[in-house]
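Undergrad: Be aware that the sequence shown starts at 0, since it is given in numbering that gives the first Met the number 0, and climbs by one per residue.
C-beta: ideal position from N, C-alpha, C; glycine also.
Only a predicted model underlies this, so the values are computations on that prediction, with no experimental measurement involved.
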Amino acid sequence: MDATSAAVLEDHPRIEEPKYIKGREIRLKGHPRFDETWVKERISADTSLLGLGNMKVRDVERIQKRGRLDLLLVDDEDEEDVKWYEVEVQLGETDASHIIRTIEYWDEEQRRYPNRKHCAVLVAEDVTNRFFNVISLFNRHIPIIAIQMKAIQVEDYVLLHFTHVLDTVERRGEEDETEDKTTTPASREYWESRSSEASMRVLDECLGLLKQFAPGIALNYKQQFVGLALNARANNFVHFHPRKQPHLKIHAHPASPEEWRERLRNAGLEVLPSGTTSVRFRLRKEDLDKNRDLVTQLFRDSYEEYTK
Numbered sequence: 000m001d002a003t004s005a006a007v008l009e010d011h012p013r014i015e016e017p018k019y020i021k022g023r024e025i026r027l028k029g030h031p032r033f034d035e036t037w038v039k040e041r042i043s044a045d046t047s048l049l050g051l052g053n054m055k056v057r058d059v060e061r062i063q064k065r066g067r068l069d070l071l072l073v074d075d076e077d078e079e080d081v082k083w084y085e086v087e088v089q090l091g092e093t094d095a096s097h098i099i100r101t102i103e104y105w106d107e108e109q110r111r112y113p114n115r116k117h118c119a120v121l122v123a124e125d126v127t128n129r130f131f132n133v134i135s136l137f138n139r140h141i142p143i144i145a146i147q148m149k150a151i152q153v154e155d156y157v158l159l160h161f162t163h164v165l166d167t168v169e170r171r172g173e174e175d176e177t178e179d180k181t182t183t184p185a186s187r188e189y190w191e192s193r194s195s196e197a198s199m200r201v202l203d204e205c206l207g208l209l210k211q212f213a214p215g216i217a218l219n220y221k222q223q224f225v226g227l228a229l230n231a232r233a234n235n236f237v238h239f240h241p242r243k244q245p246h247l248k249i250h251a252h253p254a255s256p257e258e259w260r261e262r263l264r265n266a267g268l269e270v271l272p273s274g275t276t277s278v279r280f281r282l283r284k285e286d287l288d289k290n291r292d293l294v295t296q297l298f299r300d301s302y303e304e305y306t307k
């Protein structure tokens, strides 16, 4: 399981030469200062802590028929690809009531806003084996993410460390739209009108990397995404989403997605939530310049996995 993020929750001077220092785990449940409200404030101040990308906070303590939804986070960078995360925060061990509550909050939001993609998120200090199995069963039918949160004290500082212990299951037609037989052909001009020049330049550079090991590869423009064609046949081991912002969203299918997510994070790239068989991330021109070999290796690995 991958550690998604860790954050120092107080200002701390930059350490040029890091040295080992022992920390100790502290329990937040029942803590006189660091309570659930404090945790939600930390997440609201920096939503990237959860490893879901840079989300916007749409609402806190959102009133619903069944109670109050702790956090409603939204990825609304693109009008056609809006995703809402219904987040429930629990101190201590997971229990049945919080799992049910998480699903109920998700269900109400997706009923009220069916034109949005929705994902339930349970954040808890301890995701026990018993309830991990329960959440895993739900995950076959409901997009739900389980995140384990640890608080670590190092001298006078406290860190929060979040680990994804369960990610959403990849679903046909949801995570990989290249499997959709109803995709509509488009043109380069279509995507140029819907994205930025910078994003299209990154797309072209990615094509150049692909041609290094697959000379017959070409871009295959669809209205839903930009795929690939090898020798005039669709071959979507990688596909792309050009954006209005100066970056490109990339969806790849390498042999070891979990390992690749960690490698991309370690390289400083923004990894996005995805299913168990793929990797999604954002790529800017400066990211590509710094990680050209790494991106090429990811593309090659995906190509070899897809065509073996």
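Confirm, please, whether the CB-CB distance from Gly91 to Glu60 is below 8 Å.
TA: No, these two residues do not count as a Cβ contact at 8 Å.
Undergrad: Let me make sure I understand the geometry here. Which of Phe236, Leu297, Lys284 has the alpha-carbon closest to that of Glu196?
TA: Cα-wise, what sits closest to Glu196 is Lys284.
Undergrad: What does the alpha-carbon distance come out to for the pair Met97 and Val126?
TA: This sequence places His at residue 97; Met is not what is there. His97 and Val126: Cα-Cα distance of roughly 11 Å.
Undergrad: Which same chain residues end up closer than 7 Å to Thr295 when comparing Cβ atoms and leaving out the 5 residues on each side of it in sequence?
TA: Result list for Thr295: Leu208, Gln211, in chain order.
Undergrad: Tell whether a beta-carbon distance below 8 Å holds between Gly215 and Leu206.
TA: In this structure, Leu206 does not lie closer than 8 Å to Gly215 by Cβ.
Undergrad: If you check the beta carbons only, do Tyr84 and Leu121 fall under 8 Å apart?
TA: No, they are not a contact pair.
Undergrad: Along the chain, which unbroken stretches of the alpha helix (DSSP H) at least 4 residues long are found entirely within the stretch 27-111?
TA: Whole alpha helix (DSSP H) segments, 4+ residues: 35-44, 95-111.
Undergrad: Does the stretch 109-120 come into contact with the stretch 140-158, if we say contact requires no fewer than three beta-carbon pairs (one atom in each stretch) closer than 8 Å?
TA: The stretch 109-120 is in contact with the stretch 140-158.
Undergrad: Could you check if Ala44 is buried or exposed, using at least 16 other CB atoms within 10 Å of its CB as the buried criterion?
TA: By the 10 Å Cβ count, Ala44 comes out exposed.
Undergrad: Distance check for Val153 and Tyr19, CA to CA, integer angstroms please.
TA: So the alpha carbons of these two residues sit roughly 11 Å apart.
Undergrad: DSSP three-state label for Leu293, please.
TA: Residue state, collapsed to three classes: helix.
Undergrad: Within its chain, find whatever has a CB closer than 6 Å to the CB of Lys55; leave out the 5 residues flanking it on each side and keep chain order.
TA: Here the set comprises Val73.
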